[in-house]
Amino acid sequence: MKINNGILYTVLILTLITITSRSTNNMVLTTIPLYSQNVLGFGSLEVGLVTAVSYTTTLFANSYLNPRFESRVRRRIFIASNMLLVISLFLLSSANGVTIFALSAIVGLLFGFIMPNIITSASLHGDRRTQERLLAIYAVSLSASLIIGPALETYLLHYFNYGYIFLFFIPISLLATAVAFLIPFPDRNTERRGKGTLRNDGFIASIITITSYNVPFAAITTFLAIFAASRFGVSRDVAYSSFIYFFLTSLLTRGYMAVRPFRRIKIPIVFSVALTVIPLLFIPFLNSYAEFLALVAFLGIPHGSVFPISSVMIARGTEPSERNTANSYFLAYNNVLSIAVPVIFGYMAIFLGYGYSFSILSIPVLLVTILLFKKYGRNPRIFYQPDKRTA
-7 MKINNGILYT
3 VLILTLITIT
13 SRSTNNMVLT
23 TIPLYSQNVL
33 GFGSLEVGLV
43 TAVSYTTTLF
53 ANSYLNPRFE
63 SRVRRRIFIA
73 SNMLLVISLF
83 LLSSANGVTI
93 FALSAIVGLL
103 FGFIMPNIIT
113 SASLHGDRRT
123 QERLLAIYAV
133 SLSASLIIGP
143 ALETYLLHYF
153 NYGYIFLFFI
163 PISLLATAVA
173 FLIPFPDRNT
183 ERRGKGTLRN
193 DGFIASIITI
203 TSYNVPFAAI
213 TTFLAIFAAS
223 RFGVSRDVAY
233 SSFIYFFLTS
243 LLTRGYMAVR
253 PFRRIKIPIV
263 FSVALTVIPL
273 LFIPFLNSYA
283 EFLALVAFLG
293 IPHGSVFPIS
303 SVMIARGTEP
313 SERNTANSYF
323 LAYNNVLSIA
333 VPVIFGYMAI
343 FLGYGYSFSI
353 LSIPVLLVTI
363 LLFKKYGRNP
373 RIFYQPDKRT
383 A
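Heads up: the sequence shown is residues -7 to 383, going by this note's numbering.
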């Protein structure tokens, strides 16, 4: 009974910190571009640049700072980052053309300390099957936050301008700060913090897999609402509500994976890639906002599946002592894509428009999938769950 209660407590704390942190994180990442364009008058390239600034500082925290700090220090920084985020949200509500870049850099740095420590906390359970189920619950919580946050913002945008949105998320950030004191961290005496993790097959496979996810979705996060408003002429709240349909199917996908974790992940990867590439190719030919919403819903399925699959690859291929380093570098690589893709996409959109720019993103998705199966397709540790004696 104590074990069950312990797991329930872990699930509760993990769910609370994930939903509060990720909903605020997503709000910041999707609202700063909209605030920059509609309030500050930025063009598509400038929107990409201000987004890249945030991801650059997140990258610095993930790739350089977080892997080097021992567990006790990371816990203190984790709590302090949640506190400072509350202040940053207040300042973002009245940012100008100069301070928006500085504040984007600050919140990026703070999230660079917050998010990798949450995913590491989700992967610390000693039992392999429970560990993968907790990772799936973590992924479900991510998707839930990406419905709750956009739903709240859609409602608020009906009455308020973009600057006020940052203020309304302060109570959510305060709740995250309170829960932050309860998050477990690894035993500091058993952690490994070297770069040897970069050569781990599970880590490399997860990096290749997540590329098929984050190349298109880094662009979607930044430009989806902008594309909806410019292409179909819908209002700002209706345009932003398209994220709800996207994250709803993502949530349903991750919910299924939490109930029935995949033992074999080859077929789900192929299915996810197909549901990424095909909708991207159809974007330039959409005729109505209703068609756009249907396509966005299909894109939510691979969004729901690929990230938890990549997390499972890390859990299967690494030891608990190197988990923080692996997760930090994993998220750092995601930051690299999130820096580069919006800038490149924003530049392409100047010449090709948003629709054809989205379609071009299907090419790298196909290329990295071929690379994944060519390099690791026969690796049983990564693609198959261990038998029950080790699960």
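Even for Gly, the Cβ is constructed at its ideal location relative to N, Cα and C.
All figures in this text were calculated on a predicted structure; none of them were measured in a lab.
May I have the straight-line CA-CA distance separating residue i from residue j, to the nearest angstrom?
| i | j | result |
| --- | --- | --- |
| residue 160 | residue 12 | 13 Å |
| residue 68 | residue 201 | 32 Å |
| residue 351 | residue 275 | 7 Å |
| residue 389 | residue 169 | Because the chain here runs from -7 to 383, residue 389 falls outside it and cannot be looked at. |
| residue 178 | residue 72 | 18 Å |
| residue 346 | residue 219 | 6 Å |
| residue 270 | residue 171 | 40 Å |
| residue 370 | residue 78 | 47 Å |
| residue 382 | residue 19 | A caution first: residue 382 carries a pLDDT of 38, below 50, which makes its placement in the model too unreliable to give a value. |
| residue 255 | residue 240 | 24 Å |
| residue 379 | residue 5 | At residue 379, the pLDDT of 48 sits below 50, so the modelled position is not reliable; the number obtained from the coordinates is stated separately. In a straight line, the C-alpha of residue 379 is about 29 Å away from that of residue 5. |
| residue 226 | residue 192 | 47 Å |
| residue 125 | residue 251 | 8 Å |
| residue 244 | residue 143 | 16 Å |
| residue 375 | residue 29 | 43 Å |
| residue 223 | residue 64 | 50 Å |
| residue 263 | residue 90 | 44 Å |
| residue 17 | residue 48 | 15 Å |
| residue 360 | residue 261 | 12 Å |
| residue -5 | residue 340 | Residue placement at residue -5 is flagged as unreliable, the pLDDT there being 43, under the threshold of 50; a coordinate-derived value is accordingly withheld. |
| residue 368 | residue 277 | 36 Å |
| residue 321 | residue 62 | 15 Å |
| residue 372 | residue 315 | 20 Å |
| residue 3 | residue 114 | 9 Å |
| residue 231 | residue 75 | 31 Å |
| residue 283 | residue 23 | 24 Å |
| residue -7 | residue 52 | Because residue -7 carries a pLDDT of 35, less than 50, the predicted location of this residue cannot be relied on, and the following value inherits that uncertainty. Cα-Cα distance, rounded: 43 Å. |
| residue 248 | residue 50 | 30 Å |
| residue 0 | residue 311 | 24 Å |
Could you pull the DSSP bridge partners for residue i from this structure?
| i | result |
| --- | --- |
| residue 376 | 256 |
Residue range of the alpha helix (DSSP H) that residue i falls in?
| i | result |
| --- | --- |
| residue 311 | Neither: residue 311 is in no alpha helix (DSSP H) and is coded neither H nor E. |
| residue 38 | 36 to 52 |
| residue 163 | 162 to 172 |
| residue 251 | 228 to 251 |
| residue 194 | 193 to 224 |
| residue 109 | 91 to 114 |
| residue 74 | 63 to 84 |
| residue 354 | 354 to 368 |
Taking C-beta to C-beta, are residue i and residue j nearer than 8 Å?
| i | j | result |
| --- | --- | --- |
| residue 123 | residue 307 | yes |
| residue 102 | residue 83 | no |
| residue 210 | residue 323 | no |
| residue 100 | residue 58 | no |
| residue 87 | residue 246 | no |
| residue 35 | residue 337 | no |
| residue 70 | residue 175 | yes |
| residue 204 | residue 265 | yes |
| residue 66 | residue 109 | yes |
| residue 42 | residue 92 | yes |
| residue 149 | residue 229 | yes |
| residue 279 | residue 206 | no |
| residue 272 | residue 290 | no |
| residue 208 | residue 26 | no |
| residue 131 | residue 299 | yes |
| residue 214 | residue 294 | no |
| residue 331 | residue 44 | yes |
| residue 81 | residue 158 | yes |
| residue 15 | residue 212 | no |
| residue 342 | residue 37 | yes |
| residue 242 | residue 138 | yes |
Measuring only from the beta carbon, is residue i closer than 7 Å to any heavy atom that is part of the ligand SAM?
| i | result |
| --- | --- |
| residue 38 | This structure does not include the ligand SAM; it has no bound ligands of any sort. |
For my contact list, residue i and residue j are in at a C-beta cut-off of 8 Å; report their separation, rounded to the angstrom.
| i | j | result |
| --- | --- | --- |
| residue 134 | residue 10 | 6 Å |
| residue 85 | residue 155 | 5 Å |
| residue 197 | residue 296 | Between residue 296 and residue 197 the Cβ distance is about 19 Å, and since that is not below 8 Å, they are no contact. |
| residue 146 | residue 236 | 7 Å |
| residue 234 | residue 288 | 5 Å |
| residue 21 | residue 55 | Contact doesn't hold; Cβ gap of about 18 Å is too wide. |
| residue 304 | residue 153 | The Cβ separation is near 41 Å, so there is no contact. |
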